[in-house]
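Presented below is the structure to which this report refers.
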Amino acid sequence: MPILCVGETLEENEAGRAEEIITEQLGSSLAGIDYLNGLIIAYEPIWAIGTGKAATGEQANETIGLIRRNIAKLYGKGIAQDVRILYGGSVIAANATEFINQPEIDGALVGGASLRAAEFLSIVKQTSEIRGR
Numbered sequence: 029m030p031i032l033c034v035g036e037t038l039e040e041n042e043a044g045r046a047e048e049i050i051t052e053q054l055g056s057s058l059a060g061i062d063y064l065n066g067l068i069i070a071y072e073p074i075w076a077i078g079t080g081k082a083a084t085g086e087q088a089n090e091t092i093g094l095i096r097r098n099i100a101k102l103y104g105k106g107i108a109q110d111v112r113i114l115y116g117g118s119v120i121a122a123n124a125t126e127f128i129n130q131p132e133i134d135g136a137l138v139g140g141a142s143l144r145a146a147e148f149l150s151i152v153k154q155t156s157e158i159r160g161r
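Start counting the sequence shown at 29; every next residue gets the next number (the numbering used here).
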């Protein structure tokens, strides 16, 4: 399955431009695509990749809500609800539940923590317990 990652730099975030940047990224990345079957979208703030910094669950939820609203404008509300949208910015066992508990976030795109078996297993178990799967 293809995964489209969108996200802003620290400078763009601090300048209050995250919404603008992500909306532009979605528009240009999805231009000419008629169907989103099988596409997964991940919000992965560039400033969080490999830095140990992560958005708060609330921040990630708000941004993923923005992504879902953009998908609804482009493809309709039904498609927007069907598209899986993940958070992927320094997700580790210690903060995974903060993201998985958010209503707009469908899961986590785990990076460096996936290289440590015990850490990754903990994230999987937490997700399973929260989502009941």
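All C-beta atoms, glycine included, are put in the ideal place defined by N, C-alpha and C.
Since the structure is predicted, the reported quantities are computational estimates derived from the model, not experimental observations.
Residues near residue i in its chain [Cβ-Cβ closer than 6 Å; skip 5 each side]
i	result
residue 30	67
residue 112	68, 134
C-beta atoms of residue i and residue j nearer than 8 Å
i	j	result
residue 74	residue 37	yes
residue 116	residue 139	yes
residue 158	residue 120	no
residue 96	residue 132	yes
residue 81	residue 142	no
residue 155	residue 124	yes
residue 70	residue 33	yes
residue 54	residue 98	yes
Paired residues, beta bridge with residue i - DSSP
i	result
residue 136	115
residue 31	68
Per-residue burial, residue i [other beta carbons within 10 Å of its own, 16 or more giving buried]
i	result
residue 114	buried
residue 91	buried
residue 56	exposed
residue 109	exposed
residue 88	buried
residue 35	buried
residue 151	buried
residue 43	exposed
From the options, residue whose alpha carbon lies closest to that of residue i
i	options	result
residue 137	53, 76, 94	76
residue 84	70, 94, 49, 126	126
residue 48	61, 86, 100, 94	94
residue 130	151, 86, 144	86
Neighbourhood of residue i by C-beta, 7 Å cutoff - its chain only, sequence neighbours within 5 removed
i	result
residue 64	103, 107, 111
Contacting residues, own chain, Cβ-Cβ under 8 Å from residue i (five flanking each side not counted)
i	result
residue 41	73, 75
residue 122	none
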